[in-house]
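> Under my numbering, the first residue of the sequence shown is numbered 900, with each subsequent residue one higher.
Yeah, the Cβ is synthetic: ideal placement off N, Cα and C, and Gly gets one too.
Please read these numbers as outputs of a predicted model, since none were measured by experiment.
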Amino acid sequence: MELVTPQIGLIFWTLVVFTLLLVLLKAFAWKPILSALKEREESIDQALKSAEKAREDVSNIKVENENILQEAKEERAKIIKEANEIKESIISESKGKAKTEAEKILKQAKAEIENQKMAAMVEVKNHVANLALEISEKILKQKLDSQKDQEKYIGELLEEMK
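Have a look at this one:
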């Protein structure tokens, strides 16, 4: 049992060695260990802050992207609406121009028809007048005594003219 019970010399030297170890550790190892722990803690804090900042940035970018997408959708809808309005305006304007042009052409055609009708009537009047003159001339050239001879001769002239 003597091995289990410590002696005073052993206790003394154990305390001296332990104290010396504590002094050496405090002098040489304690500061580097604490500074390494502090650096590690700071790097972990920095990493956490960076991760939080990155998360916020991603969230902000996501919100910004959604806003940009919404603006793009609104802009697209606005452009489509404007294009449809322009299309309708062009169609309406074209219809108006076509209608005006058609009315103008119709008016010109009616005027041309009227002019041709008048010219034809003048020509017919002239022709009738010429025929009447020719018949009158021939009647006057021939001396007809009786009414019956005159009517017969006029009938023959009319037949010739046809």
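Are the CB atoms of LEU1056 and ILE1034 nearer to each other than 8 angstroms?
Along the sequence shown, read from residue 1 onward, the residue named residue 1056 stands at position 157. Along the sequence shown, read from residue 1 onward, the residue named residue 1034 stands at position 135. Yes, the Cβ-Cβ distance between LEU1056 and ILE1034 is below 8 angstroms.
> Apart from the five residues on each side of it in sequence, which residues of its chain come closer than 7 angstroms, Cβ to Cβ, to VAL1023?
Locating residue 1023 in the sequence shown gives position 124, where the first residue counts as 1. Excluding residues within five positions, none has a Cβ falling inside 7 angstroms.
> Once DSSP output is grouped into helix, strand and coil, what is the label at VAL903?
Here residue 903 is taken as the residue at index 4 of the sequence shown, counted from 1. Note: VAL903 maps to coil in three-state DSSP.
> Please report the Cβ distance between LEU1032 and MET1060, rounded to the nearest whole angstrom; I am assuming they are in contact, meaning their Cβ atoms lie under 8 angstroms.
As a position in the sequence shown, residue 1032 is number 133, starting the count at 1. As a position in the sequence shown, residue 1060 is number 161, starting the count at 1. That pair is no contact at about 12 angstroms.
> How big is the Cα-Cα spacing for ILE967 and GLU938?
Here the question's residue 967 lines up with position 68 in the sequence shown. Here the question's residue 938 lines up with position 39 in the sequence shown. For ILE967 and GLU938, the distance between alpha carbons rounds to 42 angstroms.
> With LEU924 as the anchor, note down where its alpha helix (DSSP H) starts and where it stops.
Counting from 1 along the sequence shown, the entry for residue 924 is found at position 25. No alpha helix (DSSP H) holds LEU924; DSSP gives it neither H nor E.
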